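Visitor:
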Amino acid sequence: MIFRRMRRAVALAFVLAFCVLRYWLKRLGGPMTLERRALWLQQSARGVLGCLDIEIQFQGEPPVCGLVVANHLSYLDIIIISAVMPCFFVAKMEIDGWPFFGKAARTGGTIFLDRSSLASATAVAEVMTERLQLPVPVLLFPEGTSTDGSQVLRFHSRLIDPATTVGAPITTAAIRYVIGSGVEERELCWYDDQSFISHLWKVLGVEGFSAQLKFGEPKIYPHRRVAADLTHAEIKAWREAGVLETV
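Residues 1 to 247, numbered by UniProt numbering, are exactly what the sequence shown covers, in order.
1. Buried or exposed for Phe-58, please, with buried defined as at least 16 other CB atoms from any protein chain shown within 10 angstroms of its CB.
2. Can the beta-carbon of Lys-92 be found less than 8 Å from the beta-carbon of Arg-106?
3. Three-state secondary structure (DSSP) at Gln-57?
4. Leaving out the 5 sequence neighbours to the left and right, which residues in its chain are closer than 6 Å to Arg-5 when beta-carbon positions are compared?
5. Any idea which residues DSSP pairs Leu-213 with across the strands?
6. Quick check: the stretch 78-98 against the stretch 13-26, are there 3 or more CB pairs under 8 Å?
7. Taking just the CA atoms, how far does Glu-61 sit from Arg-8?
8. Can you name, in chain order, every residue of its own chain whose Cβ lies under 8 Å from the Cβ of Ser-150, other than the five neighbours on each side?
9. Tell me the residue span of the beta strand (DSSP E) that contains Ala-91.
10. Which value, in whole angstroms, describes the spacing of the CA atoms of Trp-40 and Asp-192?
11. Can you give me the C-alpha to C-alpha distance between Ile-80 and Thr-145, rounded to a whole angstrom?
12. If you drop the 5 nearest sequence neighbours on each side, which residues of the same chain put their C-beta closer than 6 Å to that of His-72?
13. What are the residues that DSSP puts in a beta bridge with Lys-219?
14. Taking 8 Å as the cut-off, decide whether the C-beta atoms of Ser-157 and Arg-225 are in contact.
15. Within 10 Å of its beta-carbon, does Ile-197 have 16 or more other beta-carbons around it, so buried, or fewer, so exposed?
16. Quick one: is Leu-118 buried, meaning 16 or more other Cβ sit within 10 Å of its Cβ, or exposed?
17. Just tell me which of Gly-180, Gly-242 and Ala-233 has its CA closest to the CA of Glu-55.
18. So, using beta-carbon positions, are Val-124 and Ala-174 closer together than 8 Å?
19. Could you tell me how far apart the beta carbons of Ile-111 and Gly-102 are, in whole angstroms, since I believe they sit closer than 8 Å?
20. In terms of residue numbering, what span does the beta strand (DSSP E) encompassing Val-64 cover?
21. Does Ser-195 pass the burial test, meaning 16 or more other C-beta atoms within 10 Å, or should it be called exposed?
22. Return the Cβ separation of Thr-164 and His-223 in integer angstroms, given the expectation that the two are a contact with Cβ distance under 8 Å.
23. What's the gap between the Cα of Phe-155 and the Cα of Leu-139?
24. Distance check for Trp-190 and Pro-162, CA to CA, integer angstroms please.
25. So what's Ala-233 in DSSP terms, helix, strand or just coil?
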């Protein structure tokens with residue numbers, strides 16, 4: 001297992017360095033618009049998943065615009081979903097300070113939220129309203145935190161409001177981790193006070209890691225609370241049924 005971890009860690013370092021080089025090469029080809037930044041993040045995410053040997057299985061059609069709401073298991077969700085579709089994430093401010101990943105997220109167009117600040121939430125909502133006009137979806141984790149996967153926490157509706165206000169379609173996305181060798185999903189979830197480095201070290205040693213994603217149909221909701229309750233119920237039902245087992 002140590003050899004596997006070291007091999008993947010070295011590969012990850014090379015891929016991250018290449019991602020930086022590719023970004024600067026793309027800049028030579030013209031202005032890095034928000035859409036181009038999201039595509040760069042998607043390409044980078046695919047490279048990272050290759051290093052981690054994480055396979056993705058998904059059902060449904062990834063949306064091309066509007067708001068996407070998803071349950072949240074760890075920072076890996078950002079990489080996994082990015083690999084499937086270009087999008088702009090709403091993420092906690094702490095990620096901005098992480099080595100490389102924070103810079104990559106910001107470069108890719110991530111909108112950072114200070115969860116302790118009402119002013120930050122207001123500013124984020126304004127940015128989301130602008131981004132919802134673009135042909136790239138905005139992705140939100142309405143639980144407000146990552147969990148151990150045992151339940152889907154109640155969805156906060158405040159940052160769903162920009163979508164319901166402008167009439168943007170909202171798509172549900174359920175994510176689930178499936179791991180071989182008898183490892184339970186919660187062992188790879190990132191929650192409570194786990195450190196980023198120790199969790200990443202654990203992920204580097206895992207074999208048979210598959211991420212399952214299921215997308216719903218885009219819908220327009222009349223009010224943020226209605227949207228929060230109905231999307232929560234749909235994702236909760238999919239999670240309880242096994243995500244990809246509910247065809």
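Heads up, the beta-carbon is just placed ideally off N, CA and C, and yes, glycines get one too. All values reported here derive from a predicted model rather than from experimental measurement.
Guide: Looking at the atomic coordinates:
1. Here residue 58 corresponds to residue number 58 of the sequence shown, with the count starting at 1. When all chains shown are included, Phe-58 counts as buried.
2. Taking the sequence shown and counting its residues from 1, one reaches residue 92 at position 92. Taking the sequence shown and counting its residues from 1, one reaches residue 106 at position 106. Not a contact, by the Cβ cut-off of 8 Å.
3. The residue you call residue 57 lines up with position 57 of the sequence shown. In this structure, Gln-57 counts as strand in the three-state DSSP scheme.
4. Taking the sequence shown and counting its residues from 1, the one referred to as residue 5 is at position 5. The answer, listed in chain order, is Leu-204 and Gly-205.
5. Taking the sequence shown and counting its residues from 1, one reaches residue 213 at position 213. BP columns for Leu-213 point to Phe-58 and Ile-175.
6. no
7. On the sequence shown, position 8 is the one that residue 8 refers to. On the sequence shown, position 61 is the one that residue 61 refers to. The straight-line gap from Cα to Cα measures roughly 31 Å.
8. Sequence index remark: in the sequence shown, residue 150 carries index 150 (1-based). Excluding sequence neighbours, Ser-150 sits near Arg-186.
9. Counting from 1 along the sequence shown, the entry for residue 91 is found at position 91. First-last of the beta strand (DSSP E) with Ala-91: 88-92.
10. Translated into positions along the sequence shown, residue 40 becomes position 40. Translated into positions along the sequence shown, residue 192 becomes position 192. Those two C-alpha atoms are separated by around 31 Å.
11. Along the sequence shown, one-based indexing puts residue 80 at 80. Along the sequence shown, one-based indexing puts residue 145 at 145. Taking the straight line from one Cα to the other gives about 17 Å.
12. Locating residue 72 in the sequence shown gives position 72, where the first residue counts as 1. Cβ within range, chain order: Phe-141, Glu-143 and Ser-146.
13. To locate residue 219, count along the sequence shown from 1; it is residue 219. Its beta-bridge partners are Ile-170.
14. Start at 1 with the first residue of the sequence shown, and residue 157 comes out as number 157. Start at 1 with the first residue of the sequence shown, and residue 225 comes out as number 225. Contact flag set, yes.
15. Position 197 of the sequence shown, counted from the start, is the residue given in the question as residue 197. Counting Cβ neighbours within 10 Å, Ile-197 comes out exposed, since fewer than 16 surround it.
16. The residue given as residue 118 occupies position 118 in the sequence shown. Answer is exposed; the Cβ neighbour count stays below 16.
17. Within the sequence shown, numbered from 1, the residue matching residue 55 stands at position 55. The candidate whose alpha carbon is nearest that of Glu-55 is Gly-180.
18. Numbered from its first residue, the sequence shown carries residue 124 at position 124. Numbered from its first residue, the sequence shown carries residue 174 at position 174. No. Outside cutoff.
19. The sequence position of residue 111 within the sequence shown is 111, counting from 1. The sequence position of residue 102 within the sequence shown is 102, counting from 1. About 13 Å separates the two Cβ atoms, so there is no contact after all.
20. Within the sequence shown, numbered from 1, the residue matching residue 64 stands at position 64. Unbroken run through Val-64: none, as it is neither H nor E.
21. Taking the sequence shown and counting its residues from 1, the one referred to as residue 195 is at position 195. It is exposed - the Cβ of Ser-195 has fewer than 16 other Cβ atoms within 10 Å.
22. Taking the sequence shown and counting its residues from 1, the one referred to as residue 164 is at position 164. Taking the sequence shown and counting its residues from 1, the one referred to as residue 223 is at position 223. The pair is a contact, with the Cβ atoms about 6 Å apart (cut-off 8 Å).
23. Position 155 of the sequence shown, counted from the start, is the residue given in the question as residue 155. Position 139 of the sequence shown, counted from the start, is the residue given in the question as residue 139. Looking at the two C-alpha atoms, the distance is approximately 14 Å.
24. Taking the first residue of the sequence shown as 1, we reach residue 162 at position 162. Taking the first residue of the sequence shown as 1, we reach residue 190 at position 190. Spanning the two alpha carbons is a distance of roughly 28 Å.
25. Here residue 233 corresponds to residue number 233 of the sequence shown, with the count starting at 1. Ala-233: helix per DSSP, three-state reduction.
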